[in-house]
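Step one of this worksheet: look at the structure below.
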C-alpha cells in the first residue's frame, strides 16, 4: 500500500508540458526562420526587378536625351518636311488643269484668261464661231479629270469693255469647270 500522498499534478505532467512547450518553441523558431528566409528571397527578387527597372529607366533617359538633342538640331527641318508633305497631299496641280485646257483648245481659238479658285477653273477664250466654242466645251467635258463643264456667257460682252479682242467678229466664251484631282491618268482612265 502506498501511503505517500499522490504526486502533485505539476510533477506528474511536468515532462509532458515541457515537451509541449519545447515543441511549440521549436515550431515558432522554425516558422520565424522560414519567414526570414522567405523575406530574404522576396527582397532578392525585388532587388533584381529594381535593377532591371533602373537599367530600363537609364536607357529611356538616354533615348530621351538623344531625341531632345536630335530635335534641337533637326526639329525645324523635320517640321518643314512634315508641312511640305501635308501641303503636297492637299495641293491642286494647276499646271495639269491648264494643260487640259491648252490641249483641248482648237488651234484657231485663243485663251486669254484663266482663273482658278478651289477646284473651280474659270476660262475666257475667243473663238471664230460659236459652234467652235460649243465643240470645245463638248471635248473638254469628255476629259476624265473634268467635272461639270458650264457655259457662263457667250458674246462680246463676256470679255469686259477694257479688253480688245482680235478679230472683231470673234465669239467670246466664259466657261467654268471643276477639276477632279487624281494621282494619275492612264489610258484615258482616272486612277485615284
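Numbering (this note's numbering), first residue to last: 68 to 259.
Every residue, glycine too, gets a C-beta built ideally from N, C-alpha and C.
Here residue 81 is exposed: its Cβ has fewer than 16 other Cβ atoms, across all protein chains shown, within 10 Å. In the DSSP assignment, residue 238 is bridged to 194.
Looking at the DSSP output, residue 213 bridges to 246. Cβ neighbours of residue 222 within its own chain (closer than 8 Å, five residues either side excluded): 238, 239.
The beta carbon of residue 182 lies closer than 6 Å to those of 189 in the same chain, with the five residues before and after it left out.
Cβ contact annotation for residue 208 (same chain, cutoff 7 Å, sequence separation greater than five): 216, in chain order. Sequence-distant partners of residue 167 (beyond 5 residues in either direction) whose C-beta falls short of 7 Å from its own C-beta, in its chain, are 210, 212, 213. The Cβ-Cβ distance between residue 172 and residue 192 falls below 8 Å. Distance between residue 248 and residue 136, taken at the CA atoms: about 40 Å. Checking the DSSP bridge columns, you'll see residue 181 partnered with 190. Per the coordinates, the alpha-carbon of residue 164 lies some 10 Å from the alpha-carbon of residue 187.
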